[in-house]
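Visitor: Pasting in a structure now, in structure tokens, and then I'll have a few things to ask.
Numbering (our numbering), first residue to last: 30 to 381.
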């Protein structure tokens, strides 16, 4: 029986089925090859799709990041290179095309300028007066917001509100608060038995007032950064510390702060960079003084000094030298940050 089935199968397979033929011309039967053509076309289409997929996977990441590099080249790299080239020339803002090569003379004159060192000293002082209290207050606010308080979302949004306020609006409000004759700060000091302070003309008083504006604007922003870092600390660490009898303060000192060390280092560096670039607050604090930073340059920062040299005195080459000096100072700060973070990681690895 098996041999009969095999012979029948062979006989049937030798002749194509009738459905595989179709009439072509005058009743001549030809094999239907449309299925083979369709399968070949489909295979070629799959190959084309596969080729396009490989090209897409290879080049699409570059297409996505290309706009960033184009904008960076136009608004970041080109100004950096141009100011570096202009810092080596004598350039006036009224005739930027007329350049006279002077080498490092702009930098040497900068180092001999007392106003530059005054601006650098003011920048460091305002930076310290604003950064240290700001980060300490941000840590405390973040620690309070880390508790499960009722309406915690409202307090988080409220903490970020000063950051969303424009520099001009915030500074004008603080100018009214620090007014010499009718300001609320002097009114409160008078109730406490103190005399009125000339916040705009005093040396340390004006720097303290400008620092207060910076503290008000940036404390909430840093508090939310610390809060995000605190919420990433494993709860097991707090539970273990509580089982060992640690109080809330001890948990904060021995668990929270060590876990926040990289974040604290980051905020210190970012706040320092922001202090180096401080411009809007001191410019608007005493609008009549302009870029001079007060009658005696008492709160003129490096940003104001750069603006004064380039857009008031029209010395574009000297202003470019100031910009590159600030850039080199920031590079030095970044290098110190890298060394400190590397040392901390090495110590943590040795301790573990």
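Just so it is clear, CB atoms sit at the ideal spot from N, CA and C, and this is done for glycine as well.
Quick test of your reading: residue 383 and residue 308, contact by CB under 8 Å. State the CB separation rounded to the nearest angstrom.
Guide: With the chain covering only 30 through 381, there is no way to say anything about residue 383.
Visitor: Taking 8 Å as the threshold, find out whether the stretch 104-119 comes into contact with the stretch 340-359 through three or more Cβ pairs.
Guide: yes
Visitor: Can you tell me whether DSSP reads residue 202 as helix, strand or coil?
Guide: helix
Visitor: Let's see if you can read the secondary structure: which residues bound the alpha helix (DSSP H) around residue 120?
Guide: Not the alpha helix (DSSP H): residue 120 falls in the beta strand (DSSP E), residues 118-121.
Visitor: Quick check on the DSSP output: the alpha helix (DSSP H) that includes residue 227 runs from which residue to which?
Guide: Residue 227 -> no alpha helix (DSSP H), and no H or E assigned at all.
Visitor: Give me whichever residues DSSP pairs with residue 129 in a beta bridge.
Guide: 119
Visitor: So, at 8 Å on beta carbons, what are the nonlocal neighbours of residue 196 in its own chain, with the 5 sequence-adjacent residues on each side left out?
Guide: 246, 309, 310 and 313
Visitor: Three-state secondary structure (DSSP) at residue 275?
Guide: coil
Visitor: So, under 8 Å CB-CB, residue 320 and residue 336 are touching, yes? Tell me the CB distance rounded to an integer number of Å.
Guide: With a Cβ gap of about 5 Å, residue 320 and residue 336 count as contacting.
Visitor: Would you mind giving the Cβ-Cβ distance between residue 334 and residue 289, rounded to the nearest angstrom? I have them listed as a contact below 8 Å.
Guide: With a Cβ gap of about 35 Å, residue 334 and residue 289 do not count as contacting.
Visitor: With which residues is residue 344 paired in a DSSP beta bridge?
Guide: 121
Visitor: Spatial neighbours of residue 2 within its chain, please: C-beta separation below 6 Å, excluding the five flanking residues on both sides.
Guide: Nothing in the structure corresponds to residue 2, since the chain is present only between 30 and 381.
Visitor: Hey, how far is the Cα of residue 83 from the Cα of residue 89?
Guide: Computed Cα separation, rounded: 10 Å.
Visitor: Return the CA-CA distance between residue 184 and residue 264, expressed in angstroms with no decimal places.
Guide: 23 Å
Visitor: Considering only residues of the same chain and omitting the five flanking positions on each side of residue 258, which have a CB-CB separation below 6 Å?
Guide: 289 and 292
Visitor: Round the Cβ separation of residue 250 and residue 192 to the nearest angstrom and send it over; I've been treating them as touching at under 8 Å.
Guide: 4 Å
Visitor: Is it right to say residue 48 is buried, meaning 16 or more other beta carbons lie within 10 angstroms of its own, or is it exposed?
Guide: Below a pLDDT of 50, predicted positions are generally treated as unreliable, and residue 48, at 44, falls in that range; no measurement from the model is reported.
Visitor: Taking contact to mean at least 3 C-beta pairs separated by less than 8 Å, is the stretch 160-168 in contact with the stretch 294-303?
Guide: yes
Visitor: Between residue 205 and residue 190, what straight-line distance do the alpha-carbon atoms span, to the nearest angstrom?
Guide: Going from the Cα of residue 205 to the Cα of residue 190 covers about 20 Å.
Visitor: When you compare each of 91, 186 and 151 to residue 252 by their alpha carbons, which one comes out closest?
Guide: Residue 186 is the option with its Cα nearest to residue 252.
Visitor: Quick one: using the 10 Å Cβ neighbour count with 16 as the cut-off for buried, is residue 194 buried or exposed?
Guide: exposed
Visitor: If we ignore side chains and look at the alpha-carbon of each, how far apart do residue 277 and residue 287 end up?
Guide: 15 Å
Visitor: Skipping 5 residues on each side, what residues in its chain have a beta carbon closer than 8 Å to that of residue 280?
Guide: 267, 270 and 271
Visitor: If you drop the 5 nearest sequence neighbours on each side, which residues of the same chain put their C-beta closer than 8 Å to that of residue 220?
Guide: none
Visitor: Taking the alpha helix (DSSP H) that residue 315 falls in, what are its first and last residues?
Guide: Per DSSP, residue 315 belongs to no alpha helix (DSSP H) and is neither H nor E.
Visitor: Does residue 221 come out as helix, strand or coil in the three-state DSSP assignment?
Guide: Here residue 221 sits in coil by DSSP.
Visitor: In chain order, what residues of the same chain have a beta carbon less than 6 Å from the beta carbon of residue 207, not counting five sequence neighbours either side?
Guide: Within the same chain, residue 207 has close Cβ partners 214, 228 and 238.
Visitor: How big is the Cα-Cα spacing for residue 218 and residue 224?
Guide: 7 Å
Visitor: Would residue 236 and residue 154 be called neighbours here (beta carbons separated by less than 8 Å)?
Guide: Yes, the Cβ-Cβ distance between residue 236 and residue 154 is below 8 Å.
Visitor: DSSP state of residue 376, grouped into three classes?
Guide: Note: residue 376 maps to helix in three-state DSSP.
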